[in-house]
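Engineer:
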Amino acid sequence: MGTGVNGGGTEVTSVSDIGTKRQRIEHLIQRGDRLANAQQERQSEAVYEPRKSSSSSATSTCVAAMVSTARCSSWTAQEDAKLRELVQQIGSSNWSEVASYFPSRDRKRCRERFVNHLAPSLSSTGSWSPQDDQKLVRLQREKGSKWTKIAKEFCGRSPESVKNRCLMLARRTHSQTERKAPTQRWTGAEKDKLRTLVATHGARNWLFIASQLPGRTDLQCLQQWYRTLDEKVVKGKGTWTEKEDRVLVEKVAEIGHKWTEVAAFLPGRIGNQCRERFLNNLVASNSTDSWTESEEKILTEAVEAHSTQWRLIAQKLSGRCENAIKNHWYGRERKRMLVDCAESGAPSER
1 MGTGVNGGGT EVTSVSDIGT KRQRIEHLIQ RGDRLANAQQ ERQSEAVYEP
51 RKSSSSSATS TCVAAMVSTA RCSSWTAQED AKLRELVQQI GSSNWSEVAS
101 YFPSRDRKRC RERFVNHLAP SLSSTGSWSP QDDQKLVRLQ REKGSKWTKI
151 AKEFCGRSPE SVKNRCLMLA RRTHSQTERK APTQRWTGAE KDKLRTLVAT
201 HGARNWLFIA SQLPGRTDLQ CLQQWYRTLD EKVVKGKGTW TEKEDRVLVE
251 KVAEIGHKWT EVAAFLPGRI GNQCRERFLN NLVASNSTDS WTESEEKILT
301 EAVEAHSTQW RLIAQKLSGR CENAIKNHWY GRERKRMLVD CAESGAPSER
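Position 212, counted from 1, in the sequence shown is what full-length UniProt numbering calls 212; the numbers after and before it change by one each time, with no gaps.
1) Enumerate in chain order the residues of its own chain whose CB-to-CB distance from T241 is below 6 angstroms, with the five nearest sequence positions on each side excluded.
2) May I have the straight-line CA-CA distance separating R111 from Q134, to the nearest angstrom?
3) Counting only the same chain and skipping the five closest in sequence on each side, list residues whose C-beta sits under 7 angstroms from that of L197.
4) If you follow the alpha helix (DSSP H) that C110 is part of, which residue opens it and which one closes it?
5) Check S76 in the structure and name its three-state DSSP category.
6) Where does K297 land, buried or exposed, given buried means 16+ other C-beta within 10 angstroms?
7) Tell me whether Y330 is buried or exposed, calling it buried when 16 or more other Cβ atoms sit within 10 Å of its Cβ.
8) With distance defined between alpha-carbon atoms, name the residue in Q309, Q315, W75 nearest to H117.
9) When burial is assigned at 16 or more other CB atoms within 10 Å of the CB, is R334 buried or exposed?
10) So, at 7 angstroms on beta carbons, what are the nonlocal neighbours of N280 in its own chain, with the 5 sequence-adjacent residues on each side left out?
11) Measuring straight from C-alpha to C-alpha, what distance separates W206 and L167?
12) So, with DSSP's three-state summary, where would you put Y330?
13) If we count the other Cβ atoms within 10 Å of its Cβ and call it buried at 16 or more, is S96 buried or exposed?
14) Going straight from the alpha carbon of A151 to that of W186, what length do you get?
15) For E250, tell me which candidate among D230, W147, C274, L229 has the shortest Cα-Cα distance.
16) To the nearest whole angstrom, what separates the beta carbons of E244 and L266, a pair I think is in contact under 8 angstroms?
17) Closest Cβ-Cβ distance between N164 and chain D: below 9 angstroms?
18) Do residue 367 and L136 have their C-beta atoms within less than 9 angstroms of each other?
19) What first and last residue would you give for the alpha helix (DSSP H) that runs through Q184?
20) Taking the beta carbon of E45 as the centre, do at least 16 other beta carbons fall within 10 Å, making it buried, or is it exposed?
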């Protein structure tokens, strides 16, 4: 059986030497024997030569790196041509046999290369029409992430190209929705659909979940789930126990402000809850003293610069927690409005 070396340094077995089915089977048996012998030799070396020289170790590492690089390297024109011939002769159902003629490629890479790039049915143009996009969105909602089945509905489209296009459309929709994100309350129907989506797909791919809820962003879906719908999360004011507070203080001292890791030690709590509880209630430096003129000035300038981003504002007011700063600001604004209304004679809002 003849072999050749292509331009990329990858060994390829000539298809012209493949004869009958018996010859192919013999080839596979011989290849299996070679692999078994090589493995046996490596095991023997490990038993009788447990300590190898640094140069030998370096050589092994180098060889392993070369094999890994070959497997991840780009396909050459010669490899593509041989892959087409092999699939034409062997078929597209036995990728293990096809891969046996590419020592540096496994069956998965051979299949992906052919299905996504070399199959005769693939379209030569990659443009998508608005009608194609609408059809893709509809099929994705019906079939979920079954990209192979969806690709069959598009002449000349590979599963990979269909998947990438769908993700691109989801990101585009998400970006447009985020710019005009609604502030209205969640409806009962939206909550029910969110529960169903999380039960089906898990609480992970929020971008995909948001694509199934028109008008909602991934962040809104995540917050609605953890803050309102997830029954595992403890909710409501005044629910923190003394034991939870002790664990929270201990873990923050041990781990730091890695709130997701801290929350792992507090069943029923999420990272944001731990953060707010610690910074607003448990930090010893939280000041309850009256506000000074200097602090009032800093607060005014910070709100002008950062609006209501209380986390950033708190960084400029040492000893004041976010919640206390927010309450003080709105209380101060309420007093100012009352004074303005009294001076103008207009009725104040109650």
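The beta carbon of each residue, even a glycine, is placed where N, CA and C say it ideally should be.
As the structure is a prediction and not an experimental result, all values here were calculated from the model.
Structural biologist: Taking the definition as stated:
1) Around T241: no qualifying Cβ.
2) If you take the alpha carbons of R111 and Q134, they lie about 29 angstroms apart.
3) The residues are I209, Q212.
4) That run of the alpha helix (DSSP H) goes 107-113.
5) Note on residue identity: the sequence assigns Thr, not Ser, to residue 76. Coil at T76, not helix or strand.
6) K297 is exposed by the Cβ-count criterion.
7) Under a 10 Å Cβ-count criterion, Y330 is classified as exposed, with fewer than 16 other Cβ atoms of the shown protein chains found around its own Cβ.
8) Closest option to H117, Cα to Cα, is W75.
9) Exposed is the call here.
10) Same-chain partners within the cutoff: C321, E322, N323.
11) Between W206 and L167, the C-alpha separation is close to 12 angstroms.
12) Three-state DSSP puts Y330 in a helix.
13) Classification for S96: exposed.
14) Pairing A151 with W186, the inter-Cα distance amounts to about 35 angstroms.
15) Considering only alpha carbons, the answer is C274.
16) Indeed, because the Cβ distance is near 6 angstroms, the residues count as touching under 8 angstroms.
17) In summary, chain D is missing from the structure at hand, where a single protein chain is found.
18) Within the shown structure, residues of the chain are numbered from 1 to 350, placing residue 367 beyond reach of any answer.
19) That residue, Q184, is in no alpha helix (DSSP H); it is neither H nor E in DSSP.
20) With a pLDDT of 42 at E45, under the threshold of 50, the modelled position of that residue is not reliable, and the figure given next carries that caveat. Counting the other CB atoms within 10 Å of its CB gives E45 a total below 16, which places it among the exposed residues.
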